[in-house]
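Here is the structure we will look at, set down as structure tokens.
In the working numbering, the protein residues as written are 349 to 554.
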């Protein structure tokens, strides 16, 4: 067992959990900083893939990502270690501050603190969004990237489509898209001849 690795996993995810005020959106860039920038456990592209997969599954995104990354780096112990480190700050603070927050939840100070943190979360997400946009542009080109971005925005904001459904559909398209495009680009005669050949093989087998 690599104790140094387990220590790094705990410290990295504890920091992200401690500073991730506001839930999942604010914790993502913090996890990215720890996992990609500080420790180099994965690349930007791999982190984006994990983020996309985590968005399709139920549950808090921070714990899902912590569990996966912890397992990839430190096995089952790393998985448990990362999840505990992620939720520990929240559990401790909620137990200690639950009564205080309940008493002052209508306080202008508490409301102002919540409202003031929103722009900071947006700024934290901007570099990560820019990095993912550049990676998408490298694979899809400007045109494809802009079309997908606009379509996603329309579906999520205009039609209230859940992001998980959209990500799942894009994953399916990414897996089946190349083969589908290859089949559709084949001449009609070639597709018909292949279909006839398959039918002939079935008849001979009978």
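Ideal Cβ positions, reconstructed from N, Cα and C, are used throughout, including at glycine.
Beta carbon of residue 356 nearer than 9 Å to that of residue 479:
no
Mind the definition here: the stretch 380 to 400 touches the stretch 430 to 442 only if three or more C-beta pairs lie below 8 Å; say whether that holds.
no
Where does residue 389 sit, in a helix, a strand or coil, going by DSSP?
coil
DSSP state of residue 435 mapped onto helix, strand, coil:
helix
Would you identify the three-state DSSP class for residue 507, choosing helix, strand or coil?
coil
To which residues of the same chain is residue 349 closer than 8 Å at the C-beta, ignoring the five residues directly before and after it?
425
Which residue from 471, 415, 432 and 396 puts its Cα closest to that of residue 515?
396
Mind checking residue 481: buried by the 16 CB within 10 Å criterion, or exposed?
exposed
Those runs of the alpha helix (DSSP H) which lie wholly inside the stretch 379 to 430 and span at least 4 residues
392 to 404
Member of 460, 351, 409 and 428 whose CA lies at the smallest distance from the CA of residue 512
409
Do residue 484 and residue 496 have their C-beta atoms closer together than 9 Å?
yes
Cβ shell of residue 434 (< 6 Å), same chain only, five flanking positions each side left out
361, 365, 410, 411 and 414
With a threshold of 6 Å on Cβ separation, who are the neighbours of residue 490 within its own chain once the five nearest residues in sequence on each side are excluded?
none
From the DSSP output, in three-state form, read off residue 480 for me.
helix
Report the three-state DSSP secondary structure of residue 375 (helix, strand or coil).
helix
Residue 367 lies in the alpha helix (DSSP H); which residues open and close that run?
351 to 367
Could you tell me the alpha carbon to alpha carbon distance between residue 523 and residue 498, rounded to whole angstroms?
22 Å
Beta-carbon proximity of residue 377 to residue 475, cut-off 9 Å
yes
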